[in-house]
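Going left to right, the sequence shown walks through residues 1 to 409 as the working numbering numbers them.
Note that beta-carbon positions come from the ideal geometry of N, C-alpha and C, so glycine has one too.
Note that the structure is a prediction, hence the values are computed from the model and not measured.
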Amino acid sequence: MTVPRVLISGASIAGPSLAFWLNRYGWETTVIERAPAFRDGGQNIDVRGAAREVLRRAGLEDAAKEATTGERGTRFVGDAGETIAEFPVSESSETDGATAEVEILRGDLARIFVDATEGATTYRYGDHITGLDDDGERVRVSFAHGDDEEFDLVVAADGIRSSTREVAFPGEAVIRSLGLEMTYLTIPRDAADVPWWQWYSGVGGRSVTLRPDRHGTTRAVLTEVTSDRGDGVVPARRDLEAQRRHLRNRFAGLPWQANRVLDALDHADDVYYESIGQVRTPRWASGRVALLGDAAWCASPVSGMGTSLSIVGAYVLAGELAAHVHHRDAFRGYERIMRPYVEQAQTLPPGTPQLANPTSKAGVAAFRTALRVAGSKPAKFVGAQLFSPPADTIDLPEYEHLEPLRDRA
């Protein structure tokens, strides 16, 4: 039996996850990544519900738990760092609350999947797809660097602004702004840092959060409500130096740890910012090309479901491809199973994300009052629900009965 060759664009979470499962079914996988090398950086992400079950089935849950950040919960703080309310990690649930039991850095989780595919998947860094010619039998792929090659299937898993998606599905994806910008960076740890996700919300729709990692540093995020306030328009992108200037103008003098984070801007080598949005695409496959992860359905970081969607989506896509003779049937099954799950994740609570990023003094005061009530003992359960991701409900298929290609008659 001929072994299918699959090219996957993107080496973050979704791409290596898909490679892992396709390898298990005996497929030949190549992952191409625009970055010049594996990216160890990234902020805290969590793995919940169905994604935890996928990790169990993969045999990687223990590795993920060993690499967690040690975050104990979410703590909202005031101007002087005083605790307004806190929500510890739930010991009885994998889904309740802003902090999940498995909190892990993006780079650490990606490394687990990359290591698990070592020797079976070819990784190519510093390159990207520039052209796709699908003749119905194979896909001829052009690259920014190197000669054209042919593959049986191509999967775009390269993020919210996927260049591969635009080659295969030009103009089809709609990126809807949620009216929020987030800037991520790693800063030196100091005595003020604790093993909690510390969250400060101030006037002007600005917030500062600090989160622990397991590498002796602290992950900081500066968040601001943008002028479009969620009208669907994605703001023009700034270069890094312009973003540093912008942040100093917007956050200078904000209480708590804002100035400390601003002081670290010039020295951090992993400053990254994004305009938060959601991706809506009318289809996830065309011919022999498919979309996966944020390239297909970005629910945004505020959904708390981005990583889980990528892990579950990779598992389902690989399983459907292994279970069907024809890729068209596999792609249909993939969409049928994943669409309702994605729609759950993209349905954010009313007022999100501006509700947690109030712009006025009165709004900040009201938000803090609501937090104190939600964090009180009688309302603790309700409070945890306020910061939990959308419902994590999916009838996760079983693919364990499928044999690798080499074992099939």
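Tell me, please, which residues DSSP counts as bridged to residue i.
i: Val-279; result: Ile-175
i: Glu-198; result: Strictly speaking, residue 198 in this sequence is Gln, with Glu absent from that position. DSSP lists Arg-75 and Leu-210 as partners of Gln-198.
i: Asn-44; result: Leu-105
i: Arg-219; result: Thr-186 and Arg-211
i: Leu-132; result: Val-141
i: Ser-286; result: Val-289
i: Val-225; result: Leu-180
i: Glu-28; result: Arg-5
Helix, strand or coil: how does DSSP classify residue i here?
i: Glu-181; result: strand
i: Asp-148; result: coil
i: Pro-301; result: helix
i: Pro-255; result: coil
i: Asp-263; result: helix
i: Ser-93; result: Bear in mind that the predicted position of Ser-93 carries a pLDDT of just 45, short of 50, making it too unreliable to give a figure here.
i: Phe-87; result: strand
i: Glu-33; result: strand
i: Gly-230; result: Because the pLDDT at Gly-230 is just 49, under 50, the model does not fix this residue reliably, and the point stays unresolved.
i: Glu-118; result: coil
i: Ala-362; result: helix
i: Pro-16; result: helix
i: Arg-39; result: coil
i: Tyr-123; result: strand
i: Ala-356; result: helix
i: Arg-372; result: helix
i: Glu-274; result: strand
i: Glu-241; result: helix
i: Asp-193; result: coil
i: Ile-160; result: coil
i: Ala-296; result: helix
i: Ala-268; result: coil
i: Ala-80; result: coil
Going by the CB atoms, is the gap between residue j and residue i shorter than 7 angstroms?
i: Arg-68; j: Glu-103; result: A quick correction: the sequence has Thr, not Arg, at residue 68. Contact flag set, yes.
i: Leu-265; j: Arg-244; result: yes
i: Glu-53; j: Leu-396; result: yes
i: Ala-85; j: Leu-371; result: yes
i: Val-31; j: Ala-19; result: yes
i: Thr-223; j: Gly-179; result: no
i: Leu-60; j: Ile-13; result: no
i: Met-182; j: Val-208; result: no
i: Ala-345; j: Ala-374; result: no
i: Arg-161; j: Glu-150; result: no
i: Arg-140; j: Asp-133; result: yes
i: Gly-202; j: Leu-254; result: yes
i: Thr-186; j: Arg-219; result: yes
i: Ser-308; j: Ala-11; result: no
i: Leu-402; j: Ala-322; result: yes
i: Arg-189; j: Thr-217; result: yes
i: Glu-28; j: Arg-5; result: yes
i: Trp-256; j: Gly-81; result: yes
i: Gly-78; j: Phe-87; result: no
i: Tyr-410; j: Ile-394; result: Outside the shown range of the chain (1 to 409) lies residue 410, about which nothing can therefore be said.
Looking at the secondary structure, which residues open and close the beta strand (DSSP E) in which residue i lies?
i: Arg-140; result: 139-143
i: Tyr-399; result: Where Tyr-399 is concerned, there is no enclosing beta strand (DSSP E), given that its DSSP letter is neither H nor E.
i: Leu-291; result: 289-291
i: Ala-156; result: 153-156
Hey, quick one: how far does the alpha helix (DSSP H) through residue i stretch, first residue to last?
i: Ala-58; result: 49-58
i: Glu-66; result: 61-66
i: Leu-7; result: Element bounds for Leu-7: not the alpha helix (DSSP H) but the beta strand (DSSP E), 5-9.
i: Leu-321; result: 306-323
i: Val-167; result: 163-168
i: Ile-337; result: 327-346
Less than 7 angstroms between CB atoms is the rule here; does residue i satisfy it with respect to chain E?
i: Ala-35; result: As a matter of chain content, chain E is missing from the structure shown, which is built from one protein chain.
message: Check whether the stretch 160-178 and the stretch 273-282 are in contact - that is, three or more C-beta pairs closer than 8 angstroms.
response: yes
- request: Answer yes if the stretch 37-55 comes into contact with the stretch 160-171, meaning at least three C-beta pairs across the two stretches below 8 angstroms, and no otherwise.
  value: no
- prompt: Is the stretch 59-79 close to the stretch 191-210, with three or more CB pairs under 8 angstroms?
  reply: yes
message: Check whether the stretch 360-376 and the stretch 311-324 are in contact - that is, three or more C-beta pairs closer than 8 angstroms.
response: no
query: Looking at C-beta atoms only, is the number of pairs between the stretch 13-27 and the stretch 317-324 that lie closer than 8 angstroms three or more?
result: yes
message: Taking contact to mean 3 or more Cβ pairs, one atom from each stretch, closer than 8 angstroms, check whether the stretch 289-301 and the stretch 153-162 are in contact.
response: yes
Inter-stretch contact (C-beta, 8 angstroms, three-pair minimum) for the stretch 33-42 and the stretch 103-121: yes
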